[in-house]
Amino acid sequence: MTSSGDDGSRRLWLAGLGALAAVALRYIGQAWDDPTVPPGLALALFAFVLTHAIVAMTLTGPLPALRALTGALWLSLPLTALICWAGHRFDAATDLADDPATIVVAVLLVSIVTPFLLVRLSAPGHWRDPARLFDAAWTMHVRFLAAWLFVGTVWVALFLSDTLLSLVDVTLIRALMRHESFAFGLSGAALGLGLAVTWELRATVSPFLALRLLRLLIPLALVVVVGFLLALPFRGFSGLFSEFSAATTLMGVALVGLTLIACALDRDDADAVTSPLLRWSTRGLAASLLLIAALAFWSVSLRVSQHGWTPDRLLAAVSAALLMAYGISYFLAAVQAGWMARIRSANVGLALLVAAVAALWFTPVLNPQRIAAESQVARYLSGKTSLSRLALWELAHDWGRAGNAALERLSAVDDRADHAELMTRIADVRAQTSRFRFDKLLRDRAMPRAEWSERIAARITVVPQGRVDARMFAALDADQLERISRGCMRNLPDGRPGCAMVRGRFAGANEEAMILFLAEAGVVWVQHMVISDGVALDLQQVTQVGKSETPFPRLWPKDLAAVLDGNYAIRPTGLNALWIGERGLQPSN
């Protein structure tokens, strides 16, 4: 037992460390886009401060504060070096933080290595002892879960306090919360304080309850897995693996299975499950995970063969391969005597394997951007991928230097029939800063605008009378043009075309109209059209008179039929409105 003085010192130390690290991260984040700060330096500082603070706070409690602070360097320095190495994949090293897969791998690496580091520092000769590692890992995760819940509670209490004090015009808390440094510092201090208190109450705040509750799910998990495997031959494989989500689901099931098995085996045989039902369920689940992992790996392999590598698919493939390693080890252990101890021993080696592979992710061996870029280029040059499916946006904006090198390589290949179109798309993707705008640009080019304009002109009914030329619609947005064209090609129940144009003055422009067209599900959409020199400049939304807070009013085929029959009126309501029965429609602006 520690004295109250030790507890108080630990609380102050962890609260101060958490607050200092959080405020430092805030200022480093502010310098993230500062052109005077080298991106590599910003990335290194952010990675080191974040990693070192988290690891040091985890080690404090099991270790004295100073030893925890120095011991954390064994992980924070190598990981920072790896992250900086990976940052060279981009022109601006900080762009590495925009890669979700890399963030996931970094978090995984810290989560796996920290328990080994803790055991190594506290019991040097037992750093591979399964029981000690089990205790260290589960205690670490429970402490952080409880500490983050405490952080959330602090902020809820702070907001409630501010709300109460604001009733008597006291706004001190609100003024403090406006300062980012206060918010970051408070959150970090609360996290550190939570970690200190959870360590003091480790006999109470322990993973014991969670382990016992999770064990109860093992028979259910086994039934579900066995039921899936038995039904799979009857359901067929082709549909199952047609979507990438199947691999994600299978890997998720495998991870849940690994967690439940760890809960059942606990730190040693004395603490493991004793019920025959739970023991045999655990053993059966351990033996069946190999098939789940194999199916996940197969699913990912099919997607890669069909579409090539991307960073996400590479992460999925590596994860599936590691789950296969777990599955093989668990299966071999489950069919032998002493299977519980064998699985515990295997877990130590497998965790080290996962950590090693995670470290390789930051090296050229598993450079996901390079692998993805080379895969996309190779597939395009071999004809496996068409120009329309080539990942040009990712090459130009997401995959760093490897992506740009791939674009240069593609630009140099001038013996293909679609080379001119490729060069146009490469120029466009480099000029655009928005994925949405780039996709829209490609979509606009691919759309048969002239054909759709002619369809509208041929099918639309102009009331009270007249006709329109296809050139009227040439300047419309391609998406708008497509929607109106499809509406005109649909028919009302009486067989008439599903679109109409009501000419009139609504918002004071020289030439205007309301255009009505039949959409899916039998709904009629109405939009306001401003026309200049016979060309529609734009389509704008309309609102219902008296209900301006309700945008996008819907009409029905009977309303469109009434307009075609001349049963409408244009009357002033501030702006002129198109009246169909009792409903008036006017421009929203």
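Just so you know, the sequence shown maps onto residues -16 to 572 in my numbering. All C-beta atoms, glycine included, are put in the ideal place defined by N, C-alpha and C.
Straight-line measurement puts the Cα of Glu391 at about 41 Å from the Cα of Met455. The three-state secondary structure of Phe489, taken from DSSP, is coil. Rounded to the nearest whole angstrom, the CA to CA distance from Trp344 to Ile275 is 24 Å. For Pro259, the uninterrupted alpha helix (DSSP H) run begins and ends at 259 to 290, by DSSP. Between the stretch 239 to 258 and the stretch 289 to 298, the count of Cβ pairs shorter than 8 Å is below three; the stretches do not touch. Linking Asp521 to Arg537 through their CA atoms gives a straight-line distance of about 20 Å.
Per DSSP, the beta bridge partners of Trp562 are Ala552, Gly567. Bounds of the beta strand (DSSP E) holding Gln523 are 518 to 523. Distances from the CA of Arg442 to each of Asp78, Arg420, Ala457, Ile467 were compared; the closest alpha carbon is that of Ile467.
Ala27 has its alpha-carbon roughly 8 Å from the corresponding atom of Ala64. A residue is called buried when at least 16 other Cβ atoms come within 10 angstroms of its Cβ; Met512 meets this threshold and is buried. In the three-state scheme derived from DSSP, where H, G and I count as helix and E and B as strand, Trp435 is classed as helix. If you draw a straight line from the Cα of Ala158 to the Cα of Gly168, it comes to about 15 Å. Trp182 and Arg126 have their alpha carbons spaced roughly 7 Å apart. The secondary-structure analysis by DSSP pairs Ser358 with nothing; it has no beta-bridge partner.
The residue among Leu79, Ser(-8), Leu547 with its C-alpha nearest the C-alpha of Gly383 is Leu79. Look at Ala496 here: in three-state DSSP terms it is strand.
In terms of CA proximity to Pro480, Pro540 leads the group Gly517, Pro540, Gln527, Phe217. Annotated three-state conformation of Pro113 is helix, per DSSP. Check the Cα spacing between Ser328 and each of Leu278, Ser312, Leu200: the tightest is with Ser312. Short of 7 Å from the beta carbon of Arg198, and not among the five residues preceding or following it, lie these beta carbons of its own chain, in chain order: Cys246, Ala247, Val256, Leu261. From the listed residues Pro216, Leu0, Gly175, Leu306, the smallest Cα separation to Val239 is found for Leu306. Here the stretch 9 to 20 makes no contact with the stretch 37 to 52; the two share fewer than three CB pairs at distances below 8 Å. For Gln13, the three-state secondary structure derived from DSSP is helix. Measuring C-alpha to C-alpha distances from Ala(-2) to each of Ile553, Leu233, Gly175, Leu393 identifies Gly175 as the nearest. The Cβ atoms of Ala560 and Val509 do not sit closer than 8 Å to each other.
Close CB contacts of Gly470 within its chain, under the 7 Å cut and outside five residues either way in sequence, are with Gly481, Cys482, Phe500, Leu501, Ala502 (chain order). Per DSSP, the beta bridge partners of Met484 are Val445, Ile498. The beta carbon of Asp252 sits closer than 8 Å to those of Met323, Ala324, all from its chain and outside the five residues before and after it, given in chain order.
In this structure Arg426 is exposed. Its beta-carbon is surrounded by fewer than 16 other beta-carbon atoms within 10 angstroms.
Gln415 carries a coil assignment under DSSP once its states are collapsed to helix, strand and coil. Contact check for Thr85 against Trp15 fails: the beta carbons are separated by 8 Å or more. Scanning Arg9, Thr41, Gln359, Thr34 for the CA closest to the CA of Trp(-4) turns up Thr41. Distance from the Cα of Ala179 is smallest, within the candidate group Ala317, Ala39, Pro216, for Ala39. Take Gly177, set aside five residues on each side of it, and the residues of its chain with a beta-carbon closer than 7 Å to its own are Ala129, Ala130, Phe133, Val134, in chain order. In terms of CA proximity to Asp411, Ala379 leads the group Leu475, Ala379, Ala400, Ser436.
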